[in-house]
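When we follow numbering that gives the first Met the number 0, the leftmost residue of the sequence shown carries the number 0, and every step to the right adds one.
Positions of the beta carbon are idealized from the N, C-alpha and C atoms, including for glycine.
The model shown is predicted, which means the values in this text are computed figures rather than measured ones.
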Amino acid sequence: MPELPEVETVRRGLEQQTCGLTIDRVEVLRARAVASPEDPADFCRALRGLRVGRWHRRGKYLLADLEAPGGSDAGRWGVHLRMTGQFLWLAEARPPCPHTRVRLWTRNGEELRFVDTRSFGQMWWVPAGVADDAVITGLRRLGPEPFGADFTGAYLRQRLKGSRRPIKNALLDQSLVAGVGNIYADESLFAAGIRPQTPSGRLGRSDLERLRASLVDVLETSIGAGGTTFSDFRDLQGTNGSYGGQAWVYRRSGSPCRRCGAVILREKLGGRSSHWCPRCQN
């Protein structure tokens, strides 16, 4: 599933390609791709004729400001890519592939296409004057953003105090920190020198400060690389990121650590594979 860096890469691509454009026509090819309104035809009618404004990211959700003719607020357009959702920007007409779920056209005939192999991705229209989380209820469960001022070592210490949950599992909890998934949890724990099995409540203030800083650094590095090669993620041009070639431990089990030469290990934690170096993480 795309994580924060991949979603942020898509956000930047959408903003570059669509900010200021008017949606001339919308077609929903698979009804389940639209979570709200209940009738996909209402979603199409709601977005038709609206101008796309700025794109925002909250955790792994994307939100676009919408303007009606004349500039009045027309609500927000929400998207979650889930496991395999991706946007493609097409300057020229091209027949849709079997996994095309939603198509939007500009007045110039350009197309923004949403393709989703496993069909878990979703879209929402949030009417003007309605809170985003009143419609997109998953937003209510999100913790702070990793780059936010409220995501601190002290915050982690307070939330994890007394917890016996492995720190790797805690990092995957979207109510603790928004946007982090398996890849960047493994990578940030390596950078912080902390084993993924470590009970969260045993980590001291300095450990958690180091983990917070490592997580921010790893995410910023991956955003700069345009995301990872490890997921089904693609940007608007159909290209995946290059962070995979820089990974220290993720999917490198059995290979030598690039820092110390020890063999990278792998173990299932909470149903997810975790990768770590037994020498660098102790």
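Whose CA, out of G128, A261, G77 and R156, lies closest to the CA of A32? G77
What distance in whole Å lies between the Cβ atoms of T99 and V51, which are believed to be in contact at a cut-off of 8 Å? Actually they are not in contact, since the Cβ atoms of V51 and T99 sit about 20 Å apart, beyond 8 Å.
Are the CB atoms of G74 and A127 within a distance shorter than 8 Å? yes
Spatial neighbours of R29 in its chain, beta-carbon cut-off 7 Å, leaving aside the 5 residues before and after: R100 and S118
Could you tell me whether the Cβ atoms of L46 and A67 are closer together than 8 Å? no
Between F113 and G142, is the Cβ-Cβ spacing less than 8 Å? It is not a contact, given that the beta carbons lie outside the stated cut-off.
Option nearest N181 by Cα separation, candidates R271, V129 and L20: R271
Can at least three beta-carbon pairs, one atom from the segment 164-171 and one from the segment 124-139, be found at a separation below 8 Å? no
Taking C-beta to C-beta, are Q121 and A40 nearer than 8 Å? no
By Cβ distance below 6 Å, which residues in the same chain neighbour G203 in space, the five residues on each side in sequence not counted? Closer than 6 Å at Cβ, skipping near neighbours: no residue.
Let's see if you can read the secondary structure: which residues bound the beta strand (DSSP E) around S35? V33 to S35
Are the beta-carbon atoms belonging to L218 and P145 less than 8 Å from one another? yes
Would S273 and D216 be called neighbours here (beta carbons separated by less than 8 Å)? no
From the DSSP output, in three-state form, read off L202 for me. coil
Tell me, which residues are paired with L268 by DSSP? R271
Since I22 and L103 are thought to touch, with beta carbons under 8 Å apart, how far apart are those beta carbons, to the nearest angstrom? Yes, I22 and L103 are in contact; Cβ-Cβ is about 5 Å, under 8 Å.
P94, buried or exposed, once every other Cβ within 10 Å from all chains shown has been counted against 16: That one is exposed.
I22 (DSSP reduced to helix, strand or coil): strand
With H, G and I counted as helix, E and B as strand and the rest as coil, what does DSSP make of F42? Looking at F42 - three-state DSSP - the assignment turns out to be helix.
Got a sec? Which residues, its chain only, sit under 7 Å from M0 by beta carbon, not counting five neighbours each side? The beta carbon of M0 lies closer than 7 Å to those of R81, M82, G180 and S230 in the same chain, with the five residues before and after it left out.
Starting from the C-beta of R258, find all residues in its chain whose C-beta is less than 8 Å away, skip the five residues before and the five after it, and write them out in chain order. Answer for R258: W247, C276 and C279, listed in chain order.
Assuming L235 and F86 make a contact with CB atoms under 8 Å, what is their CB distance in whole Å? Rounded to whole angstroms, the Cβ separation of L235 and F86 is 5 Å, and the two are in contact under 8 Å.
Considering only the alpha carbon of each residue, which of R250, L13 and V25 lies closest to T105? V25
Pick from R44, A177, E109 and D38: whose alpha carbon is nearest that of E2? A177
Measuring straight from C-alpha to C-alpha, what distance separates Q139 and L159? Going by the sequence as given, residue 139 is Arg instead of Gln. One C-alpha to the other measures close to 20 Å.
How big is the Cα-Cα spacing for Q245 and G192? Whole-angstrom Cα-Cα distance: 17 Å.
E2 in three-state terms, based on DSSP: coil
With G60 as the anchor, note down where its alpha helix (DSSP H) starts and where it stops. For the record, residue 60 in the displayed sequence is Tyr; it is not Gly. Annotation: Y60 is outside any alpha helix (DSSP H); the continuous beta strand (DSSP E) that includes it extends over Y60 to E66.
If you follow the alpha helix (DSSP H) that Q157 is part of, which residue opens it and which one closes it? G152 to L159
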